[in-house]
Amino acid sequence: MQEIAIRVRLREQERVGLAEYERIVGSVATVAALTAWLPTPDARLVIRGRGAEPVRLETVSYGSTFEMLVVLDQRSAAVERAAAAVAALIESVRHEHVEDDVSGVAGELDRLDRSAPRGRSAVERSLRAFLEGARADVLARKSTTRLRAASALVRLAEDAAELTVERVEDALASELTEQPVDVLADTGAAIVVEPVDGVDAPDEPGAEPVPAPAPAPAPSPKSKQQDSGKKKDDGKKADKKKSDKKKADKKSDKKSDKKKADKKSDKKKSKKS
2 MQEIAIRVRL REQERVGLAE YERIVGSVAT VAALTAWLPT PDARLVIRGR GAEPVRLETV
62 SYGSTFEMLV VLDQRSAAVE RAAAAVAALI ESVRHEHVED DVSGVAGELD RLDRSAPRGR
122 SAVERSLRAF LEGARADVLA RKSTTRLRAA SALVRLAEDA AELTVERVED ALASELTEQP
182 VDVLADTGAA IVVEPVDGVD APDEPGAEPV PAPAPAPAPS PKSKQQDSGK KKDDGKKADK
242 KKSDKKKADK KSDKKSDKKK ADKKSDKKKS KKS
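Shown next as structure tokens:
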């Protein structure tokens, strides 16, 4: 399993002295420890000492760019999502310079909170709760570990840092083999909803919807009455035809009987004469 790494790139930096180098390294290491803590917000936040130190840390500077790679002792997907959320937070304020103003640190944290990713995942909710708690510590004038970790985020935002989430093949190798992780940058402007099984996806633009066949109209009560009346009339006509036929048969029987009687009477008369 590959370790999770965070690459921090600072551009347009003047010559980095020892004090500035220590400040940058301390801020990046603190943010790395915060990233590993975000998936388990109920645990105690530790930013120094055992469990918080990165597995490997590399720095390089070229021209006016200062770059640092921090390899965490973490491999879980939850920590990877937390690193992506922190990277999205810094990216959202990178072009909006965060300055010390009359509102002080509380105002800077409030601005970060407004720019935080607005997704519904556990790490994104944990990040927003962390920023809100740090702002409450400032207003209450408390010096807490949470506030120190939030101050490190503010310093990276002030420096317009670029954060990239990567996976490292072997953290102890002489030469690292890194692979960038494809993460969805959520700057808080929209909430991305993943497809859910059983729910139809929206139609593609330009695709015309196919009209559903219209259901056959239900017969009205009046038409039902007409049909029943028609059936009754047909039945009456059929009965009338039968009765007319019976009458005609009876008349023909009477005529044939009369003819037979007339024949018999004629025979009797001829014998007498």
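In case it helps, my numbering puts the sequence shown at residues 2 to 274.
Where a beta carbon is used, it is the ideal one built from N, C-alpha and C, also for glycine.
*Local Cβ density within 10 Å of G52, reported as buried at 16 or more and exposed below that*: Around the Cβ of G52, a 10 Å sphere holds fewer than 16 other Cβ atoms; the residue is exposed.
*Under the rule that 16 or more other beta-carbon atoms within 10 Å means buried, what is L70, buried or exposed?*
With a 10 Å radius around the Cβ and a threshold of 16 neighbouring Cβ atoms, L70 comes out buried.
*Below 9 Å between beta carbons: does that hold for I7 and A88?*
yes
*Tell me whether V47 sits in a helix, a strand or coil according to DSSP, three-state version.*
coil
*Cross-strand partners of I5 (DSSP beta bridge)*: R168
_Buried/exposed call for A20, threshold 16 Cβ in 10 Å_ = exposed
_Alpha carbon of L35 to alpha carbon of S127, nearest angstrom_ = 11 Å
*At which residue ranges does the region 96-140 contain complete alpha helix (DSSP H) runs of 4 or more residues, listed in the order of the chain?*
105-116 and 123-140
*Helix, strand or coil for E13, going by three-state DSSP, please let me know.*
coil
*Nearest to T41 by CA position, among V80, L157, A151 and L58, is which residue?*
Looking at the Cα atoms, V80 is the closest of the given residues.
_S65 (DSSP reduced to helix, strand or coil)_ = coil
*asked:* For L140, which residues in the same chain have their Cβ closer than 7 Å to its Cβ, ignoring the five residues on either side in sequence?
replied: A107
_Backbone CA spacing between A130 and G27 [nearest angstrom]_ = A direct Cα-Cα distance of roughly 23 Å separates A130 from G27.
*Rounded separation between T188 and G50 - CA only*: Since pLDDT at T188 reaches only 40, below the 50 mark, its modelled position is unreliable, and no value is offered.
*Compare the beta carbon distance of V32 and V56 with 9 Å and say whether it is the shorter of the two.*
Result no, Cβ atoms of V32 and V56 do not sit closer than 9 Å.
*Between A37 and R168, what straight-line distance do the alpha-carbon atoms span, to the nearest angstrom?*
Taking the straight line joining both Cα atoms gives about 14 Å.
*asked:* Relative to the C-alpha of S122, which candidate in R10, L132, D171 and A85 has its C-alpha closest?
replied: Comparing alpha carbon positions, the residue from R10, L132, D171 and A85 closest to S122 is A85.
*For T66, which residues from the same chain have a beta carbon less than 6 Å from its beta carbon, with the 5 sequence-adjacent residues on both sides left out?*
In chain order, R12 place their CB closer than 6 Å to the CB of T66, counting only its own chain and leaving out the 5 sequence neighbours on each side.
*According to DSSP, which residues form a beta bridge with V72?*
A6 and R57
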